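*Asks:* Taken in sequence, the protein lines are chains Z and X.
Following this note's numbering, the residues of the first sequence are numbered contiguously, the last one being 356.
Following this note's numbering, the residues of the second sequence are numbered contiguously, the last one being 356.
There are 2 protein chains.
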Amino acid sequence: MAFNDLFLRACRCEPTERTPIWMMRQAGRYMPEYRAIRQNYDFLQMCKRPELAVEVTLQPVDLIGVDAAILFADILLPLEGMGLDLAFAKGEGPVIHNPVRTLSDVQRLRVSDPAADTGYVMEAIRQLRHELRDKVPLIGFAGAPFTLASYMIEGGSTRAYIKCKSLMWSEPEAWERLMQVTTDTVIQYLLAQIEAGAQAVQVFDSWVGFLSPVDYERSVLPHTTRLIAEVSKAGVPVINFANNATAMLSKVKSAGGDVIGLDWRVDIADAVEWIGPDFAIQGNLDPMTLFAPVEVIDAAARDILEKVGTRPGHIFNLGHGIHKDTDPEHAKALVHSVREHSTRIRSGVTS
Amino acid sequence: MAFNDLFLRACRCEPTERTPIWMMRQAGRYMPEYRAIRQNYDFLQMCKRPELAVEVTLQPVDLIGVDAAILFADILLPLEGMGLDLAFAKGEGPVIHNPVRTLSDVQRLRVSDPAADTGYVMEAIRQLRHELRDKVPLIGFAGAPFTLASYMIEGGSTRAYIKCKSLMWSEPEAWERLMQVTTDTVIQYLLAQIEAGAQAVQVFDSWVGFLSPVDYERSVLPHTTRLIAEVSKAGVPVINFANNATAMLSKVKSAGGDVIGLDWRVDIADAVEWIGPDFAIQGNLDPMTLFAPVEVIDAAARDILEKVGTRPGHIFNLGHGIHKDTDPEHAKALVHSVREHSTRIRSGVTS
């Protein structure tokens, strides 16, 4: 079987005969094959044992038929090496037992050493590149500095970001130092992933949409920009995904990258115009569409593909991670629809 | 004391000597005076006893110094008259014990009669107009059809909207009928509020930002448009607030109204341009800013006011409801800052 490089070509805005597709969180709980392994290991074990991470990373490639693999891991893994005590409480998501609340808390943090602290990630990547050699490209990823900082400060998930924003507004020195050490960590972490074999990397700013554009521009954008600039030097495509931030897309764009990731809150016809020709575009199907009948899924995929048309540089994806209760058959139906419609559209045939 | 009509003039894009301000959820838990009453009554009692609703509606007018009062009530109140069994579980938000899941569930719903089913709201409005006669205008409000339908289908709060979207995609007839009966209810409810004395009304589409623009346009916009058109005939300003929907602002605008409400996810300088001169604008300070030091609050208010400049038709507000843990002194500080800066800016004096 020939290596499928559609995803990499789309990242570089090169012509493709059809639109590649992968799905955020495609290696995960919606797959019975994942749950079968997961019942024997806790979440951090799944991340830290390369043979397990490799196995679940490969599952959607073989079973769903996506055009790229994304490493199974968690954005919070590099925080352990920074000095944070990370746990995943059952049903409650991540917990950080020693959250960052003061300047002295920040001063105790160190830049994580990717080889020493997250060597298991690099080992999984090396094994995956071997496994995927005749299949599809491997995407690495990391959380963006703001999203990681928000977890470090809040100590877990939140909907209000009061502690995070309060630190940002009240303790600018602590904030800047925290963003610096986090950015340095993410730079090293992503460069190590690329060194180990990741053929593209995605930066997930999952929670940046809770910031106003003014705060984003002042307190976050310089760090994200530095991150993307440093990582881009390694020569593989960088995907800049700022979730729920389309209303400040012009600022998000200025952080750089090769591909702009879109959530589902924007009409992709508008996004194509706003983003312009200098970036590839990834997205933007509402992940809940996969709960609809297959005809509705097909029509929604077709709508997105027709709006993008023959523009080079589109990677089909959901606008957010696939939901754990999704029927895998519906994920497969989406892959089929994207394949069919995009082949027709990109060959210039009208239906 | 002369009646302060700044808010009403700003709604009509008439010149004002300063920018009026009110805050979403300004009558509520962040005020100790509210909590003092609330400890003796449950939430629905607070809504249903006009003397209590009147008292807490007036509290922020007198104590925080806002330029408009908004009726204390809940968007879900009209659902009881439609046939839904509504409760507020302690600490868990609203629960609907007989959610709408099928076409036959929808067929059992009726259009609520505002006088018979929510007469307590109309009585509170009549009393409030008397109390506010030398003070400020009174704003009525309702939930938009989508937001109300989402509660009816989900049976309470959610973050995924799987049941709601599934019905929308799988059962278009049930969806359309549900939106019809809900829209009819909201039209009658808002017209009754205006008849009772509400001098403006706000339509809260709190959760519409979870929809893609395509779904909004196809399944929601026609109903919201009909709602606003019918209510507008009563001749008072209508505020169209679609939360977390700025990336589809052009579609939100097309639903109509006199004032477009903005959350905090958009730079107001961009929004002024996107909205154009035909609407007043309300917003858009991040509500969490009130957790910052007062100098930061002041600078953030000033930034918004300076970006709007002397454009007629700006009503200052938060981009979402004020958080329950907000210090009321910081809310007062915001009112002070808006008053000072907007007076200076609108008088043409540079600082």
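We treat Cβ as the ideally placed atom computed from N, Cα and C, and that holds for glycine.
Bear in mind that the values here come from a model prediction, so they are computed numbers and not experimental data.
Within 10 angstroms of the Cβ of asparagine 289 of chain X, are there 16 or more other Cβ atoms? Answer buried if so, exposed if not.
*Replies:* Numbered from its first residue, the second sequence carries residue 289 of chain X at position 284. Flag for asparagine 289 of chain X reads buried.
*Asks:* Less than 9 Å between the beta carbons of glycine 262 of chain Z and valine 277 of chain Z, yes or no?
*Replies:* Here the question's residue 262 of chain Z lines up with position 257 in the first sequence. Here the question's residue 277 of chain Z lines up with position 272 in the first sequence. Contact: no.
*Asks:* My understanding is that phenylalanine 284 of chain Z touches valine 213 of chain Z, with C-beta atoms under 8 Å, so please give their C-beta distance in whole angstroms.
*Replies:* Residue mapping note: residue 284 of chain Z aligns to position 279 of the first sequence, counting from 1. Residue mapping note: residue 213 of chain Z aligns to position 208 of the first sequence, counting from 1. Contact flag wrong, Cβ pair sits at about 17 Å.
*Asks:* Label phenylalanine 77 of chain Z either buried or exposed according to how many other C-beta atoms from any shown protein chain fall within 10 Å of its C-beta, with 16 as the threshold for buried.
*Replies:* Here residue 77 of chain Z refers to the residue found at position 72 of the first sequence. Result: buried.
*Asks:* Could you tell me which residues DSSP pairs with glycine 98 of chain Z in its beta bridges?
*Replies:* Translated into the one-based positions of the first sequence, residue 98 of chain Z becomes position 93. Paired residue(s): Z/Ala94.
*Asks:* Check the Cβ-Cβ distances between phenylalanine 296 of chain X and every residue of chain Z, and say whether any is below 9 Å.
*Replies:* Residue numbering aside, residue 296 of chain X sits at position 291 when the second sequence is read from its first letter. Output row for phenylalanine 296 of chain X: interface = yes.
*Asks:* Determine, using beta-carbon pairs with one atom in the region 47 to 57 of chain Z and one in the region 230 to 247 of chain Z, whether at least three such pairs fall under 8 Å.
*Replies:* no
*Asks:* Exposed or buried, which one is arginine 231 of chain Z when buried takes at least 16 other CB atoms within 10 Å?
*Replies:* The residue labelled residue 231 of chain Z in the question sits at position 226 within the first sequence. So arginine 231 of chain Z counts as buried.
*Asks:* Closer than 7 Å, Cβ to Cβ, to anything on chain X: give me those residues from the region 163 to 177 of chain Z, in chain order.
*Replies:* Ala165, Tyr166, Ile167, Lys170, Ser171, Trp174, Ser175
*Asks:* Please confirm if glycine 324 of chain Z has its CB atom under 9 Å from at least one CB of chain X.
*Replies:* As a working note, residue 324 of chain Z is residue 319 in the first sequence. It does; some Cβ of chain X falls within 9 Å.
*Asks:* With DSSP as the reference, please indicate the residues paired to alanine 205 of chain X in a beta bridge.
*Replies:* If you number the second sequence from 1, residue 205 of chain X lands on position 200. X/Ile144, per the DSSP bridge assignment.
*Asks:* Within 9 Å (strictly less), CB to CB, does asparagine 289 of chain Z reach chain X?
*Replies:* Here the question's residue 289 of chain Z lines up with position 284 in the first sequence. Answer yes: the Cβ-Cβ gap between asparagine 289 of chain Z and chain X drops below 9 Å somewhere.
*Asks:* Quick check: what's the CA-CA separation for aspartate 291 of chain X versus histidine 325 of chain X?
*Replies:* Mapped onto the second sequence, residue 291 of chain X falls at position 286. Mapped onto the second sequence, residue 325 of chain X falls at position 320. Approximately 7 Å, taken between the alpha carbons.
*Asks:* Does at least one heavy atom of the ligand ZN sit under 8 Å from the Cβ of glycine 281 of chain X?
*Replies:* No copy of the ligand ZN appears in this structure; indeed no ligand is present at all.
*Asks:* Per DSSP, which residues does phenylalanine 296 of chain Z bridge with? Please list them.
*Replies:* Here residue 296 of chain Z refers to the residue found at position 291 when the first sequence is read from its first residue. DSSP output for phenylalanine 296 of chain Z lists no bridge partner at all.
*Asks:* Whole angstroms are fine: how far does the CA of alanine 336 of chain Z sit from the CA of leucine 295 of chain Z?
*Replies:* Taking the first sequence and counting its residues from 1, one reaches residue 295 of chain Z at position 290. Taking the first sequence and counting its residues from 1, one reaches residue 336 of chain Z at position 331. If I take the Cα positions, the gap works out to 7 Å.
*Asks:* Quick one: what's got a C-beta closer than 8 Å to leucine 137 of chain X's C-beta in the same chain, skipping five residues either side?
*Replies:* As a working note, residue 137 of chain X is residue 132 in the second sequence. Excluding positions up to five away in sequence, the list reads Leu63, Val66, Ala74, Leu143.
*Asks:* Using DSSP bridges, identify the partner residues of phenylalanine 1 of chain Z.
*Replies:* In the structure as shown, chain Z begins at 6 and stops at 356. Residue 1 of chain Z is therefore absent and cannot be evaluated.
*Asks:* To which residues of the same chain is lysine 140 of chain X closer than 8 Å at the C-beta, ignoring the five residues directly before and after it?
*Replies:* Here residue 140 of chain X corresponds to residue number 135 of the second sequence, with the count starting at 1. Excluding sequence neighbours, lysine 140 of chain X sits near Met6, Phe8, Asn9, Val66, Ala74.
*Asks:* Using Cβ-Cβ distances below 9 Å, what residues of the region 224 to 236 of chain X are close to chain Z?
*Replies:* none
*Asks:* For aspartate 220 of chain X, decide whether its Cβ has a neighbour in chain Z, counting only Cβ atoms nearer than 9 Å.
*Replies:* The residue given as residue 220 of chain X occupies position 215 in the second sequence. Yes - at least one Cβ of chain Z is within 9 Å of the one on aspartate 220 of chain X.
*Asks:* So that I know if they touch, is there some Cβ in chain Z lying closer than 9 Å to that of glycine 214 of chain X?
*Replies:* Looking up residue 214 of chain X in the second sequence gives position 209. Cβ-Cβ to chain Z under 9 Å: yes for glycine 214 of chain X.
*Asks:* Which whole-angstrom value describes the C-beta separation of leucine 114 of chain X and methionine 87 of chain X, a residue pair presumed to lie in contact below a C-beta threshold of 8 Å?
*Replies:* Position 109 of the second sequence, counting from 1, holds the residue named residue 114 of chain X. Position 82 of the second sequence, counting from 1, holds the residue named residue 87 of chain X. Confirmed, about 5 Å.
*Asks:* Please list, in chain order, the chain X residues whose beta carbon lies closer than 9 Å to that of aspartate 210 of chain Z.
*Replies:* Looking up residue 210 of chain Z in the first sequence gives position 205. In chain order: nothing, as chain X lies at least about 13 Å away.
*Asks:* State the start and end residues of the unbroken alpha helix (DSSP H) segment that holds histidine 341 of chain Z.
*Replies:* Within the first sequence, numbered from 1, the residue matching residue 341 of chain Z stands at position 336. From DSSP, the alpha helix (DSSP H) with histidine 341 of chain Z extends over 333 to 351.
*Asks:* Note down, in chain order, each residue of its chain lying with its Cβ closer than 8 Å to the Cβ of lysine 312 of chain Z, except the 5 sequence neighbours on either side.
*Replies:* Start at 1 with the first residue of the first sequence, and residue 312 of chain Z comes out as number 307. Closer than 8 Å at Cβ, skipping near neighbours: Asp272, Ile273, Ala274, Val277.
*Asks:* Applying the criterion that 16 or more other CB atoms from any shown protein chain within 10 Å of the CB defines a buried residue, is asparagine 245 of chain Z buried or exposed?
*Replies:* On the first sequence, position 240 is the one that residue 245 of chain Z refers to. The residue is buried, with at least 16 neighbouring Cβ atoms inside 10 Å.
*Asks:* Skipping 5 residues on each side, what residues in its chain have a beta carbon closer than 8 Å to that of isoleucine 327 of chain Z?
*Replies:* In the first sequence, the residue the question calls residue 327 of chain Z occupies position 322. Exclusion of the five residues before and after isoleucine 327 of chain Z leaves Met28, Met29, Arg30, Gln31, Gly33, Tyr35, Pro292, Leu295, Ala336 as the residues of its chain whose Cβ lies within less than 8 Å of its Cβ.
*Asks:* Here's the rule I'm using: 16 or more other beta-carbon atoms within 10 Å means buried, otherwise exposed. How should glutamate 19 of chain X be labelled?
*Replies:* For the purposes of this step, residue 19 of chain X is taken as the residue at position 14 of the second sequence. Classification for glutamate 19 of chain X: exposed.
*Asks:* On a Cα-Cα basis, can you pick out the residue from X/Phe215, X/Ala260, X/Ser217 that is closest to glutamate 235 of chain X?
*Replies:* Residue mapping note: residue 235 of chain X aligns to position 230 of the second sequence, counting from 1. Comparing Cα positions, the closest option is X/Ala260.
*Asks:* Check the Cβ of tryptophan 269 of chain Z against every Cβ in chain X and list those closer than 8 Å, keeping chain order.
*Replies:* To locate residue 269 of chain Z, count along the first sequence from 1; it is residue 264. Here the neighbours are Ser217.
*Asks:* Look up glutamine 287 of chain X in the DSSP assignment and give the residues it is bridged to.
*Replies:* Along the second sequence, read from residue 1 onward, the residue named residue 287 of chain X stands at position 282. BP columns for glutamine 287 of chain X point to X/Gly266, X/Ile320.
*Asks:* Count the other CB atoms within 10 Å of the CB of lysine 53 of chain X; is the residue buried (16 or more) or exposed (fewer)?
*Replies:* Indexing the second sequence from 1 puts residue 53 of chain X at position 48. Buried: at least 16 other Cβ atoms inside 10 Å.
*Asks:* Would you please verify whether the beta carbon of serine 352 of chain Z is less than 9 Å from any beta carbon of chain X?
*Replies:* Here the question's residue 352 of chain Z lines up with position 347 in the first sequence. With 9 Å as the cut-off, serine 352 of chain Z does not count as an interface residue toward chain X.
*Asks:* Kindly give me the distance between the Cβ atoms of serine 175 of chain Z and alanine 297 of chain X, rounded to whole angstroms, as I take these residues to be in contact under 8 Å.
*Replies:* Here residue 175 of chain Z corresponds to residue number 170 of the first sequence, with the count starting at 1. Here residue 297 of chain X corresponds to residue number 292 of the second sequence, with the count starting at 1. Sure, about 6 Å apart at Cβ, within 8 Å.
*Asks:* Which residues in chain X have a C-beta closer than 7 Å to the C-beta of threonine 251 of chain Z? List them in chain order.
*Replies:* Counting from 1 along the first sequence, the entry for residue 251 of chain Z is found at position 246. Within 7 Å Cβ-Cβ: Ala252.
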